[in-house]
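Protein sequence lines, in the order shown, are assigned to chains Y and U.
Take the first sequence: its position 100, counted from the start at 1, is 100 in our numbering, and no numbers get skipped.
Take the second sequence: its position 73, counted from the start at 1, is 73 in our numbering, and no numbers get skipped.
One structure is given here, and the rest of the page talks about it.
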Amino acid sequence: GENVEQHPSTLSVQEGDSAVIKCTYSDSASNYFPWYKQELGKRPQLIIDIRSNVGEKKDQRIAVTLNKTAKHFSLHITETQPEDSAVYFCAPAVGGTSYGKLTFGQGTILTVHP
Amino acid sequence: GAVVSQHPSWVICKSGTSVKIECRSLDFQATTMFWYRQFPKQSLMLMATSNEGSKATYEQGVEKDKFLINHASLTLSTLTVTSAHPEDSSFYICSASWRGGRAGELFFGEGSRLTVL
């Protein structure tokens with residue numbers, strides 16, 4: 001099965017700074033790389049994802065970069081705001097027949113201080 | 001976007017009783033539904049995968065006789081925690097995917113917080 005490691009486990013930044021979270025996976029067949037944001041007691045929300053045919057994707061303040069050779073992908077948040085504070089999970093997966101079977105990383109608690 | 005509804009959102013029960021949690025896809029037919037469990041301050045752990053009309057596939061270490069999953073239709077899956085004990089207290093979340101969606105795309109229910117006294 002897929003082994004997923006996420007670093008750091010906690011991240012504290014000042015408002016306006018950038019935050020980077022890295023996810024390392026083991027299954028070379030993985031071709032779908034999402035990042036989820038989860039607020040306390042709520043469901044995970046997909047914030048950005050990337051597929052293996054591209055190396056980078058950006059959506060306003062959020063970006064994801066993928067290095068398939070090294071088997072890791074990273075979440076980048078720029079100009080952080082207090083409302084970005086949450087737990088972030090990576091969840092690499094093999095698409096195709098196993099639609100939606102995600103393996104979640106351990107999570108990163110992001111705290112953005114005003 | 002696709003909506004998945006889960007209820008109850010929270011439930012408290014006595015040890016030894018059974019609890020049923022429902023997961024419904026409201027505006028699409030869910031090819032596959034997944035059940036996750038999340039303990040406090042931990043990640044989501046996949047419990048089982050269910051396809052409509054067939055038996056669920058359980059992850060290693062998950063007792064299939066304790067966590068009964070039924071996926072009777074393309075819009076409804078249920079998880080029954082039988083003879084619940086305090087250690088079963090957790091946040092249970094369902095998710096659904098469909099063939100018309102992008103590969104890997106999941107839609108999550110709101111989650112159900114189970115507390116067993």
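Backbone N, C-alpha and C define an ideal beta-carbon position, used for all residues, glycine too.
In this text, all values refer to a predicted model and were calculated from it rather than measured experimentally.
- For the pair of segments examined, the region 24-35 of chain Y was found to touch the region 80-97 of chain Y: the number of CB pairs separated by less than 8 angstroms reaches three.
- Interface with chain Y (8 angstroms Cβ-Cβ cutoff): Ile69 (chain U) is excluded.
- Not a single unbroken stretch of the alpha helix (DSSP H) spanning 4 or more residues falls wholly within the region 59-90 of chain Y.
- At a cut-off of 8 angstroms between beta-carbon atoms, Glu110 (chain U) makes contact with chain Y.
- From the beta-carbon of Phe73 (chain Y), no residue of chain U is found nearer than 7 angstroms; the closest lies around 13 angstroms away.
- Between the C-alpha atoms of Trp10 (chain U) and Ala86 (chain Y) there is a straight-line separation of about 21 angstroms.
- Ranking U:Phe107, U:Ser73, U:Glu63 and U:Pro40 by CA distance to the CA of Ala48 (chain U) puts U:Glu63 first.
- At a cut-off of 8 angstroms, the C-beta of Leu40 (chain Y) has no neighbouring C-beta in chain U.
- Nearest to Thr65 (chain Y) by C-alpha distance, out of Y:Glu2, Y:Glu56 and Y:Lys71, is Y:Glu56.
- In this structure Leu46 (chain U) is in contact with Tyr36 (chain U), their Cβ atoms being roughly 6 angstroms apart against a cut-off of 8 angstroms.
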